[in-house]
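Enquirer: Residue numbers (our numbering): 257 to 972.
(1) Do residue 476 and residue 507 have their C-beta atoms within less than 8 Å of each other?
(2) For residue 860, which residues from the same chain have a beta carbon less than 6 Å from its beta carbon, with the 5 sequence-adjacent residues on both sides left out?
(3) According to DSSP, is residue 963 part of a helix, a strand, or is it coil?
(4) Using a Cβ distance threshold of 8 Å, determine whether the stretch 381–395 contacts the stretch 495–511, with at least three qualifying pairs required.
(5) Let me know if residue 322 comes out buried or exposed under the rule of 16 or more other beta-carbons within 10 Å of its beta-carbon.
(6) Please work out which residues of its chain come closer than 8 Å, Cβ to Cβ, to residue 750, disregarding the five sequence neighbours upstream and downstream, and give them in chain order.
(7) Should residue 458 be labelled buried (16 or more other beta-carbon atoms within 10 Å of its own) or exposed?
(8) From what residue to what residue does the alpha helix (DSSP H) around residue 415 run?
(9) Contact between the stretch 827–834 and the stretch 680–690 is defined here as three or more beta-carbon pairs at a separation below 8 Å; is this criterion met?
(10) Which value, in whole angstroms, describes the spacing of the CA atoms of residue 617 and residue 936?
(11) Identify the continuous alpha helix (DSSP H) that holds residue 276 and give its terminal residues.
(12) With residue 310 and residue 286 assumed to form a contact (beta carbons below 8 Å), what rounded beta-carbon distance in angstroms separates them?
(13) State buried or exposed for residue 281, treating a residue as buried only when at least 16 other CB atoms are found within 10 Å of its CB.
(14) If you check the beta carbons only, do residue 569 and residue 902 fall under 8 Å apart?
(15) Could you have a look at residue 572 and say whether DSSP puts it in helix, strand or coil?
(16) Between the stretch 764–779 and the stretch 409–416, can you find at least three pairs of beta-carbon atoms closer than 8 Å?
(17) Are residue 950 and residue 943 touching if we call contact CB-CB under 8 Å?
(18) Below 8 Å, how does it come out for the stretch 843–860 and the stretch 629–643: are there three or more Cβ pairs, yes or no?
(19) Does the beta-carbon of residue 294 have 16 or more other beta-carbons within 10 angstroms, so that it is buried, or is it exposed?
(20) Please state whether DSSP places residue 697 in a helix, a strand or coil.
(21) Hey, which unbroken runs of the beta strand (DSSP E) at 3 residues or more fall wholly within the stretch 601–641?
(22) Using CA atoms only, rank isn't needed, just tell me which of 792, 658, 707 is closest to residue 681.
(23) Is the beta carbon of residue 289 closer than 8 Å to that of residue 561?
(24) Quick one, are the C-beta atoms of residue 566 and residue 589 less than 8 Å apart?
(25) In chain order, what residues of the same chain have a beta carbon less than 8 Å from the beta carbon of residue 625, not counting five sequence neighbours either side?
(26) Is residue 849 closer than 8 Å to residue 858 when the C-beta atoms are compared?
(27) Tell me the DSSP secondary structure of residue 396 in three-state form.
(28) Alpha carbon to alpha carbon, what distance is there between residue 296 and residue 520?
(29) Let me make sure I understand the geometry here. Which of 543, 724, 696 has the alpha-carbon closest to that of residue 503?
(30) Of the residues 357, 291, 578, which one's Cα is nearest the Cα of residue 270?
(31) What's the gap between the Cα of residue 721 and the Cα of residue 691?
(32) Just the Cα atoms here: how many angstroms apart are residue 668 and residue 512?
(33) Given that a residue counts as buried once 16 or more other Cβ atoms are within 10 Å of its Cβ, and exposed if not, what is residue 863?
(34) As a quick exercise: from 464, 473, 358, pick the residue whose alpha carbon is nearest that of residue 492.
Next up, the structure:
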């Protein structure tokens with residue numbers, strides 16, 4: 257495979273014209289890809305390799321050099337945003353010379369076209385329910401079906417997990433018999449799947465109800481059975497290009513394979529090292545088996561990284577080689593070196609957040625900085641801290657279910673009942689999480705009395721003949737009396753531990769297949785938010801305030817704001833400075849992947865870490881903690897791999913701070929062995945002094961030479 261280190265000796269006339277008109281010059285592998293006309297080709301594009309430019313230049317090459325019919329070109333990519341971006345870039349480059357429209361599309365949009373064409377020919381109505389509202393929406397249908405199998409109300413979190421599981425089955429083309437073998441923690445998955453499929457076929461007859469995944473399965477089946485329609489699309493699209501192909505599912509690959517025949521003019525762009533959607537049914541192995549699927553296919557690797565510094569490219573290139581199921585390739589860059597990669601360890605998340613706040617305060621253009629995390633749970637406490645310190649942020653693709661989660665509602669209801677212990681309505685919302693058990697009959701009894709007495713005292717009197725149960729109710733009432741005297745942070749901890757809420761929540765999670773780790777994460781975040789707040793009303797108000805702030809922060813794109821995003825959502829983005837946070841075992845790699853312990857799961861986790869690191873252009877910070885969500889943890893195995901890769905000369909950067917080798921500048925932060933963390937206010941090397949303002953409020957004039965000789969300060 258050519259990796260682009262050498263340039264072609266004689267420049268092709270088309271490439272010379274492109275350079276003249278657009279200023280774009282290509283390396284050897286990029287040139288080979290652009291000038292490829294017929295036959296199957298797999299283009300392996302490492303991060304920052306310029307794949308979108310190459311895709312667009314190849315389209316222009318087919319049209320301008322070979323007079324291909326624009327209507328016969330189909331460019332497919334992963335998302336609508338990516339398709340729009342590719343089209344916009346194409347028009348910006350070649351809109352002056354190419355007026356006819358090109359089909360830039362997602363695979364789902366193409367599948368919709370196939371399905372619509374099929375149903376129109378048969379004069380049969382259909383309706384897409386994915387983004388509908390009302391009783392026929394996908395969410396409402398699944399919720400209704402779940403009520404047949406589950407006693408408790410199904411949460412939005414569980415509905416999303418269920419929808420993902422159904423989508424996985426379809427995208428991976430699994431037979432029904434294999435559903436029970438899946439690792440999804442969903443009781444009655446097969447029965448719910450069958451009921452959901454039956455509902456869509458019969459509930460609204462003759463109209464067929466479809467979701468997005470049905471578009472794929474139906475399109476595949478139609479092309480399989482309707483040879484005339486298949487021939488139509490094969491003739492319609494003589495040149496097919498796919499981007500982000502490592503994230504394409506098996507059924508999507510099969511659809512593409514069908515329409516690419518018999519010409520096999522398939523130009524597939526992807527990178528198996530960036531495949532991070534296995535949980536959606538993505539099939540990166542298809543890239544590894546490309547030559548078996550398309551005999552005689554060419555494979556070209558574009559491995560020059562135009563984005564990142566020498567240090568970042570060297571590290572990430574070596575890091576991803578730990579994976580075995582990949583093509584052998586060497587990512588490189590001609591970019592100069594910049595700064596070492598920093599690996600920083602903190603005692604807990606709070607210390608980590610303080611570090612981030614110090615780094616970002618007065619840091620200039622925040623739009624070129626990003627904080628990237630594995631799970632959205634990592635954002636909650638961080639957002640609280642950033643907002644308190646007045647640091648603007650853009651929250652990307654955040655599914656804001658935190659504030660409506662049943663755990664948050666439970667905690668608020670515990671606090672409410674501590675103030676209003678006569679309210680049967682509030683007690684009813686939490687009665688299944690209390691010990692001793694309060695039955696529905698007990699609730700009916702209390703409702704019959706009206707709010708005339710303290711609920712738990714009334715129940716103790718009702719069970720006077722059962723001394724153990726009566727004592728239990730009185731003890732519980734005592735707990736609620738204590739609860740309303742505690743600060744919000746201590747009240748939440750009291751609910752978790754003394755009132756044994758965590759035990760009840762774990763039991764519920766086990767019964768309903770919910771994630772208990774997620775529950776603990778929510779409780780830890782609630783404690784972080786409650787920290788420093790004087791009363792329960794202020795705590796409830798802060799939750800409402802944060803919910804509004806986070807909703808508004810999703811509109812801050814393009815502003816002077818630091819980007820907060822998950823590793824998955826960061827795919828395709830780049831920033832001058834990147835912080836990866838909460839890099840601990842159980843988060844990245846995730847607990848489920850560790851538990852499975854199989855190669856595929858851990859390799860996908862490593863790819864996700866790789867994607868996060870390769871978002872950085874000039875500066876990369878990897879942050880880990882010793883205690884996460886109030887539990888002692890181990891740093892991520894991937895952080896350990898990074899430490900091993902970094903050369904001895906770089907390892908000074910792989911600590912909590914850098915030893916002072918030259919005087920720090922004003923505005924920098926230092927860590928003094930005696931006085932702690934401080935900000936350098938001024939530097940006077942004529943007098944050999946640093947003036948530092950420390951976090952405890954003290955301002956000290958330090959002799960620089962003494963600090964260096966005795967290793968007293970380190971730059972943060």
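Note that beta-carbon positions come from the ideal geometry of N, C-alpha and C, so glycine has one too. Since we're looking at a predicted model, the values are computed, not measured.
Expert: Judging by the given coordinates:
(1) yes
(2) 534
(3) helix
(4) no
(5) exposed
(6) 735, 738, 739, 742
(7) exposed
(8) 412–427
(9) no
(10) 14 Å
(11) 269–278
(12) 5 Å
(13) exposed
(14) no
(15) helix
(16) yes
(17) no
(18) yes
(19) exposed
(20) helix
(21) 625–629
(22) 707
(23) no
(24) yes
(25) 616, 619, 818, 819, 831, 832, 833, 834, 835
(26) yes
(27) helix
(28) 6 Å
(29) 543
(30) 291
(31) 18 Å
(32) 51 Å
(33) buried
(34) 358
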